[in-house]
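One structure is given below, encoded as structure tokens.
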Amino acid sequence: MTGAARRPAADLILCSCNSVFESEVVACARRGAKTLDAIGDECDAGTGCGSCRGAITTILEEEEDRRRRGEGIPEALLQLPLFQLGSGKDKG
Ligand code: FES
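Numbering (the numbering used here), first residue to last: 145 to 236.
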């Protein structure tokens, strides 16, 4: 995965079925994924056994709260490579 070098040291695997780190799920949510299905489409998290879906839901709720408080990341910053962590899927 190309984003590994930029991953925070404390980052943890959130979805063990698909080896998806918490930072990748947060990045997906900050890029606009608002549902479990959207997160699954974006990075595969939550598409296996389902045991991580509660944690993903918590992240989605926290990101929605951030957006409501106006603490979201400006759209221009979302285009930076930092927020383009590898999803494990080719989009092109
Ligand atoms: S741990 Fe995420 S789907 Fe199984």
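Here a beta-carbon is modelled for each residue, glycine too, at the ideal position from N, C-alpha and C.
Counting C-beta atoms within 10 angstroms of its own C-beta, residue 154 has fewer than 16 neighbours from the protein chains shown and is therefore classed as exposed. CA-CA distance, residue 196 to residue 209, rounds to 20 angstroms. Distance from the Cα of residue 159 is smallest, within the candidate group 224, 213, 191, 179, for 191.
Going by C-alpha positions, residue 215 is about 11 angstroms away from residue 174. Taking 7 angstroms as the cut-off, the Cβ atoms of residue 203 and residue 170 count as close. Secondary structure note for residue 158: its beta strand (DSSP E) is the uninterrupted segment 157–159. For residue 177, there is no enclosing alpha helix (DSSP H), as DSSP marks it with neither H nor E. The beta carbon of residue 180 sits closer than 8 angstroms to those of 190, 197, 200, 201, 204, all from its chain and outside the five residues before and after it, given in chain order. The beta carbon of residue 161 lies closer than 7 angstroms to those of 192, 193 in the same chain, with the five residues before and after it left out.
For residue 195, the shortest C-beta to heavy atom distance toward the ligand FES is below 6 angstroms.
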